[in-house]
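Taken in order, these protein sequences are the chains called S and E. Note that my numbering numbers the first sequence so that position 86 is 104, with each residue one more than the last. Note that my numbering numbers the second sequence so that position 516 is 982, with each residue one more than the last.
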Amino acid sequence: MNVGNCQVFASSQDKPGRIPGISGSRLGILLSLLFLFSFSGTGSAADLANTTAEKTDETTRKEQAEDQNRKKTLQLNDFKLRGHESLFPEQAKSLAKGYRETAKMLGEQGCDPKPVLDAAAYFEKQSEAF
Amino acid sequence: MKRKLLAAIAMLFTIIAIAPAHADNAVKLRTLVIATGEMAEDLGLAYIKPVLDEMGVPYVVLNARTQDLTSAFLAASSQGMACKAEEAGCIGNYNGVILTDADLVPGFTPAEWDMLHDYEKNFRVREAVLSGWPVTYADPKAPHSIYLDYGLAYSSSGYNHDARWTIPGRYSKEIFEYVNRNNPLPITSLAFATRPRNDMKHLKDGSIPYVEPLLRTGQDEALLSIVRYMKPGQSAPVREVLISTITNASFLMHSKVLAYEFVNWATQGVFIGARFIHLAAHVDDLFRTNSQWNPALDKENGDTYRLTGADITNAVDKQAALRASHPTAGNFKLDFAFNGAGAVVNPRVMPLAANLKDNLVAAIVSNKMHFRFINHTFTHADMDKSPVPADAPCDYHTFTNAEAIRAEIVANQNVWALLDLPERNENNRVLVTGAHSGLKDQKCTDNPALHPDMFNLQADDIAFDAGGANPLLLQAAATAGVAYLAADTSQKAQNIEQYITQYEDGSKTDRLMLPRWPTNIFYNVANPSQLEDEYNYLYYQKFISAGEDPCKAPAMACSPRSYREILAIEADIAVRHMLSFNRWPHFFHQSNLAQYDKNGSTLQFDWLDAVFTEYERLFNLPVKNLPYYKIGDYTAESLNARSAKIDGVWNRTTNRAILSANKAVPHLRVTGLSRGEVYGGQLIGNISVGTKATSYKVDRGLTR
């Protein structure tokens, strides 16, 4: 039996060699725009554009660095607080067990259980980490 | 043909005759949580249970692994028989369903799923799924019809997403109104990213899941979605589900952001209980001096700091700037827990006289309306138990009778009057003892310099719940009229709002313990370099020196941290506290309010600014900043409501909620009642209920 829905993996719709989510025609338009922006304009206008681009790059880099730091902080506190949860190892173990049950069920339904088995392995590992 | 028509008319009349003239179309204001196990086994249950408890939402947990779902469990007549919404007198037992897992295998059978879905359709009750795999399951028996389908196709797995809010306009007044949708929500746990199928595959009841993602990955995959089960030719869904395919747990920030909506969505915004976001900052030891950390020596070296008048006027300006730069801060005020001995001419000479020549005292009196105040005892004396025997060595002086302790409390109340500080009468009910002393027994060891052999001075403490509190303090507090006593959440058994019943204090009433959060902005630091040094000494260097791994210490500082990093970590923790919805304040010390640069920067306002900045990245909900006595009053009200059995029924035909309780509950918060306080686009009523049922108009706030 195959329920027919479980094997529709959205990412698998993208063919090899393509950027996921961008179709061939869209890719063409994107490259044309990039070409236009790369070579249009001369002299002071170009310098101004370059300076602005550099500033934008700098701002973007700074924002990205801040985002990364923020995420590091989040992950650190997640990890720290998880260590205080005395029930977590057992909960993670149960979750792993639950995902194995789900994988079994998916197998019976004719679906690919791999991502769920990966999740089970992930939580199994988590339960042993503390 | 005619015969067929007559038969159809006859059948119609039969249906009309059988159907009641007035079906109730009513559900109890109670949530059903279907779990995969007990708290120790189910991460989702451990996540949502404290949320429901804190908000005061009545709920029932069904453990799918050990209990069977029955129709009578969901809706039963007065005789206990399963019933349907269309039958007169049949009331649904739940106005919302929360599943801790998407497929509940192996505990939940296809028959149980059918039963649950029938109930949801029949009583128009919504479902929220906290986490799990986006399943589509077909019955193993022919004709293999689909009994469970969230309309999603798996796309990818990830542990690190910057999720974007993509809430459709139709839901903009109903869900996640309070989140800052301009910023991504970082997802830091395992999540199954999905794609809405939105195909024409239908479930066995003929409904087709139509998915609308609310939160998406950078690749446009759905992480949190609303699924509306539509039937051809019908404009209203037969069933509605909110499903998260993100792992949620109480220790995860994104889970804290999402938690409220699982309850709010499932209950359609009508439920007993409410949530508010709180932040209060208590600055302890006003009028005292605090010893100062010396970075060169890695210890205190006898230097002290006491705020100046200029620090106070600077704090007034900084407070105004904080309000101006943070729209959620409202009229935020600092609370000063003060020790009046430092505000009088001579603390040993009665009657006491205010020392208005002291520029700190004068500045406080001049600016008193900008702040709030709390009794922190007259001299900050230690209230711990006396040693046994009485002449045993002890790091601190102790009191041997309740009257002396009472004098410490009352003398400070007198200074309150002398300085004419605001809200004195209200605050006579509140006490913060020096260093929260008296709530545990330190066994006379609290000075590290006197015990170089002890790595952790708290190792020998006797906790509050092990008999460590000082009954003399509790007696003194009772006779001084103190109702609310501050506690330190970092101490064992002090991180619970609780009446202190286990100690005899000679009074008919019990003191209520009000926990406060500590931070790593230490009492003995006034500038970033001091803080950075002490933090890294305590959480890094001290462990290295002792040959231990600092990564395994409480702060998990695997390398020294900068002030900026420390502030970020502390702000993140504080926001998590805020998103737990409890009212507990954070406490600091007067040194933290010292200006440390020409811009008037202070550690205290650096922390507040960092906290509000981090909070406002995620939320736009106004932050409540309550005086401590009100925190006490509201806590007492919540505890009273939680101890009552409250019954509520929402009749959707009349759009009224009928509420009663097994005892008087003068202050019950109910979300979704007309004429309530508007908060986050919803109406929150503060009503009085008792044994007599009272009816209230429901307003889901969908137009606000």
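Backbone N, C-alpha and C fix where the C-beta goes; we use that ideal spot for every residue, glycine too.
Is there at least one Cβ from chain E nearer than 7 Å to S:Arg118's Cβ? No - not a single Cβ of chain E is within 7 Å of the one on S:Arg118.
Below-7 Å beta-carbon distance, E:Asp519 vs any chain S residue: No - not a single Cβ of chain S is within 7 Å of the one on E:Asp519.
Can you tell me whether E:Ser451 is buried or exposed, with buried defined as 16 or more other CB within 10 angstroms of its CB? Outside the displayed range of chain E (467 to 1170) lies residue 451 of chain E, so it cannot be described from this structure.
Quick check on the DSSP output: the beta strand (DSSP E) that includes E:Thr770 runs from which residue to which? Residues Lys765 to Tyr771.
Can you pull the chain S neighbours of E:Glu507, defined as C-beta to C-beta under 7 Å? Correct list: Glu108, Gln109 and Ser112.
Nearest to E:Arg872 (by Cα), restricted to the options E:His842, E:Tyr1095, E:Leu656 and E:Ile712: When each option's Cα is compared against that of E:Arg872, the closest is E:His842.
For chain E, check one thing: does any of its Cβ atoms lie closer than 7 Å to the Cβ of S:Arg100? Cβ-Cβ to chain E under 7 Å: yes for S:Arg100.
Between which two residues does the alpha helix (DSSP H) containing E:Thr1101 stretch? Element bounds for E:Thr1101: Tyr1094 to Ser1109.
Between E:Val601, E:Asn561 and E:Asp1015, which lies nearest to E:Ser621 when the distance is taken from Cα to Cα? When only C-alpha atoms are compared, the closest one is E:Val601.
S:Leu94 classed as buried or exposed, judged by whether at least 16 other C-beta atoms fall within 10 angstroms: Its Cβ being crowded by 16 or more others within 10 Å, S:Leu94 is buried.
Can you tell which of S:Gln127, S:Tyr117, S:Asp130 and S:Cys129 has its C-alpha closest to the C-alpha of S:Ala139? Residue S:Tyr117 is the option with its Cα nearest to S:Ala139.
Any Cβ of chain E within less than 7 Å of the Cβ of S:Thr91? At least one chain E Cβ lies under 7 Å of S:Thr91.
Sorted by chain position, which residues of the same chain lie with C-beta nearer than 6 Å to E:Lys958's C-beta, five sequence neighbours on each side aside? Closer than 6 Å at the Cβ level, and outside the excluded window around E:Lys958, lie Ala929.
8 Å contact criterion, which E:Val749 and E:Phe802 should meet: CB distance rounded: Indeed, because the Cβ distance is near 5 Å, the residues count as touching under 8 Å.
Can a CB atom of chain S be found closer than 7 Å to the CB of E:Asp569? Contact of E:Asp569 with chain S is assigned, a C-beta pair being separated by under 7 Å.
Report the neighbours of S:Gln127 on chain E: residues whose CB is nearer than 7 Å to its CB, in chain order. Those are Tyr603 and Ala604, listed as they occur along chain E.
When the cut-off is 7 Å and only beta carbons count, does E:Phe717 lie next to chain S? Output row for E:Phe717: interface = yes.
Let me see if you follow: with CB-CB separation under 7 Å, is E:Pro572 close to chain S or not? Output row for E:Pro572: interface = yes.
So does the stretch 811-827 of chain E actually touch the stretch 1105-1113 of chain E, counting three or more Cβ pairs closer than 8 Å? With a cut-off of 8 Å, the stretch 1105-1113 of chain E and the stretch 811-827 of chain E do not count as touching, because too few Cβ pairs lie within range.
Which residues mark the beginning and the end of the alpha helix (DSSP H) in which E:Arg890 is found? Bounds of the alpha helix (DSSP H) holding E:Arg890 are Arg890 to Asn893.
With 7 Å set as the bound, which would you pick, yes or no: does the beta-carbon of S:Pro131 sit closer than that to a beta-carbon of chain E? No, S:Pro131 lies away from the interface with chain E (no Cβ there is under 7 Å from its Cβ).
Measure the alpha-carbon distance for E:His792 versus E:Leu1087 and round it to whole angstroms. C-alpha separation (whole angstroms): 11 Å.
By the three-class DSSP mapping on this structure, what secondary structure does E:Asn833 have? Under the three-state reduction of DSSP output, E:Asn833 falls in the coil class, being neither helix nor strand.
Taking all protein chains shown into account, do 16 or more other C-beta atoms lie within 10 angstroms of the C-beta of E:Ala786, making it buried, or fewer, making it exposed? With fewer than 16 other Cβ atoms inside 10 Å of its own Cβ, E:Ala786 counts as exposed.
Does E:Gly503 come within less than 7 Å of chain S when only Cβ atoms are used? At least one chain S Cβ lies under 7 Å of E:Gly503.
Does the stretch 710-730 of chain E touch the stretch 649-657 of chain E, meaning 3 or more C-beta pairs lie closer than 8 Å? Taking 8 Å as the limit for Cβ pairs, the verdict is that the stretch 710-730 of chain E does touch the stretch 649-657 of chain E.
Look up E:Thr660 in the DSSP assignment and say whether it is helix, strand or coil. Looking at E:Thr660 - three-state DSSP - the assignment turns out to be strand.
At a Cβ threshold of 7 Å, is S:Glu103 touching chain E? It does: the Cβ of S:Glu103 has a partner Cβ on chain E nearer than 7 Å.
By the three-class DSSP mapping on this structure, what secondary structure does S:Phe55 have? Note that S:Phe55 scores 32 on pLDDT, short of 50, meaning its location in the model is unreliable; the coordinates nonetheless yield the value given after this. Helix, per DSSP.
Among E:Asp769, E:Leu763 and E:Asp751, which one has its Cα closest to the Cα of E:Asn757? Checking the sequence shown, residue 757 of chain E turns out to be Ser, not Asn. Looking at the Cα atoms, E:Asp769 is the closest of the given residues.
Straight-line gap, S:Glu103 to E:Gln964 (C-alpha atoms, nearest Å): Between S:Glu103 and E:Gln964, the C-alpha separation is close to 22 Å.
Under 8 Å between beta-carbons, which chain S residues line up against E:Met1044? List them in chain order, please. What E:Met1044 touches in chain S: nothing, since even the nearest Cβ is about 14 Å away.
Alpha carbon of E:Ala932 to alpha carbon of E:Gly904, nearest angstrom: Looking at the two C-alpha atoms, the distance is approximately 13 Å.
Looking at the structure shown, is E:Ile840 part of a helix, part of a strand, or coil, going by DSSP? Shown here, E:Ile840 sits in a strand according to DSSP, grouped into three states.
Any idea what DSSP makes of S:Phe106, helix, strand or coil? Of the three classes helix, strand and coil, the one that applies to S:Phe106 here is helix, per DSSP.
Enumerate in chain order the residues of its own chain whose CB-to-CB distance from S:Ser43 is below 7 Å, with the five nearest sequence positions on each side excluded. Its pLDDT being 40, under 50, S:Ser43 is placed unreliably by the model, and the measurement read from it follows with that caveat. No residues qualify anywhere along the chain.
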